[in-house]
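Visitor: Okay, handing you the structure first.
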Amino acid sequence: MVKKIPLRQCTGCMERKAKNELIRIVRTPENDIALDFSGKMNGRGAYICKNSDCLSLAVKKKRLENAFGVSIPEELFERLKKELTSGE
Numbered sequence: 005m006v007k008k009i010p011l012r013q014c015t016g017c018m019e020r021k022a023k024n025e026l027i028r029i030v031r032t033p034e035n036d037i038a039l040d041f042s043g044k045m046n047g048r049g050a051y052i053c054k055n056s057d058c059l060s061l062a063v064k065k066k067r068l069e070n071a072f073g074v075s076i077p078e079e080l081f082e083r084l085k086k087e088l089t090s091g092e
């Protein structure tokens with residue numbers, strides 16, 4: 005039997021892709037925002053492609069803020085961008 009691959013939508017480019025092709029950004033129960041490379045952290049998740057362009061687009065259009073229900077400070081965006089480029 006073939007296992008079904010879960011699909012998730014990138015909050016940047018809005019394309020649906022296989023879950024393992026995307027990086028999860030999570031809002032933890034303590035309201036911290038972090039990149040979740042394992043995909044198993046507790047909290048509310050949103051997915052993004054593995055490039056900084058999608059992250060920039062998601063922040064510019066406030067899609068991450070809408071997904072998490074909190075405003076995201078600029079320094080947090082810069083930290084996420086740095087983590088994303090170092091994780092590639």
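The sequence shown begins at 5 in this note's numbering and counts up by one.
We treat Cβ as the ideally placed atom computed from N, Cα and C, and that holds for glycine.
1. Which two residues bound the contiguous beta strand (DSSP E) that contains V6?
2. Near I9, what residues of its chain come up, given a Cβ to Cβ distance below 6 Å and the 5 sequence neighbours on each side ignored?
3. Kindly indicate the opening and closing residues of the beta strand (DSSP E) around M36.
4. Under the DSSP definition of a beta bridge, which residues are partnered with C53?
5. Taking Cβ to Cβ, would you say L26 is nearer than 9 Å to R48?
6. Answer with buried or exposed for R20, where buried requires no fewer than 16 other C-beta atoms within 10 angstroms of its C-beta.
7. Compute the Euclidean distance between the alpha carbons of K86 and I29, then round it to the nearest angstrom.
Guide: So, from the data block:
1. In the sequence shown, the residue the question calls residue 6 occupies position 2. Element bounds for V6: n/a, residue is neither H nor E.
2. Residue numbering aside, residue 9 sits at position 5 when the sequence shown is read from its first letter. Closer than 6 Å at the Cβ level, and outside the excluded window around I9, lie A22.
3. Position 32 of the sequence shown holds residue 36. The residue you asked about is not Met; residue 36 is Asp in the sequence shown. Careful: D36 lies outside any beta strand (DSSP E) and carries neither H nor E.
4. Within the sequence shown, residue 53 is the residue found at index 49, counting from 1. According to DSSP, C53 bridges with L26.
5. Sequence index remark: in the sequence shown, residue 26 carries index 22 (1-based). Sequence index remark: in the sequence shown, residue 48 carries index 44 (1-based). Contact: no.
6. Counting from 1 along the sequence shown, the entry for residue 20 is found at position 16. In summary, R20 is exposed, with fewer than 16 beta-carbon neighbours lying within 10 Å of its beta-carbon over all protein chains present.
7. Residue numbering aside, residue 86 sits at position 82 when the sequence shown is read from its first letter. Residue numbering aside, residue 29 sits at position 25 when the sequence shown is read from its first letter. Their backbone Cα atoms lie some 14 Å apart in a straight line.
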